[in-house]
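For this note's numbering, count along the sequence shown from 1 and bump the result up by 828.
The C-beta atom is built at its ideal place from N, Cα and C for all residues, glycine as well.
Here's the structure, in structure tokens; my notes come after.
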Amino acid sequence: MGFIEKFIDTTDKDITAILPIKDRFEDAFLLTDGTILDMVSLNTKDLLSLSFDEQFNDNVKFANFYKTYPGDCKIVCFNFPTETKSNQAYYRKKIDTTMNPVFKQLLEEKLSQLEWVEKNRTQREYYLFFFATDAEDYHIKVNTIAKALESNRLASYMSFEKKKKIIFKLNNKNASIFV
């Protein structure tokens, strides 16, 4: 069984026409036309709490990245539901074990806040997708991204398992991947 068969459920044999992933290349994807697809996670910041100098420095770092990056790249954004189930379980356990009525009321308020957040808020994540024509081009682009973005803490490397989940989510919009 090849890589693509392990990666996706092949009950629909035409999925390989839509998803042109042929094999794995290091921690990236080798596409059927021979190009290499990889991605890094972009680290987000709260722009309201950053100073003007920090915002300016980050803009300069991204501008330098775009000037030095040798090729095309795409920033992809995902909205995920905010996950608070583990926090809710913790507060429920504390509510069940506490004897202090004032503390119990505070815990119940906190639990209701977490339930509201899970129902009404989403978490936005950004990824930088990039393509390379061959192995040498791939390593040049990875080094450029590492120097320009990862060294400045604007991007971070991801595991191959997370990359597979992102590709799955990209092709299955209604699927939940971070359970």
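- When F906, P898, K932 are compared, the shortest CA-CA separation from N1000 is found for F906.
- Per DSSP, T950 is one residue of the beta strand (DSSP E) stretching across 950-960.
- Taking the Cα positions, K997 is about 12 Å away from E953.
- Here DSSP, grouped into helix, strand and coil, assigns N907 to strand.
- Membership of D851 in the beta strand (DSSP E) is indicated by the continuous run 849-853.
- The three-state secondary structure of D866, taken from DSSP, is strand.
- The residue among D881, T972, I994 with its C-alpha nearest the C-alpha of K895 is T972.
- DSSP places S940 within a helical segment (H, G or I) once states are collapsed to three.
- Distance between E978 and F893, taken at the CA atoms: about 11 Å.
- Here K991 is buried. Its C-beta has 16 or more other C-beta atoms within 10 Å.
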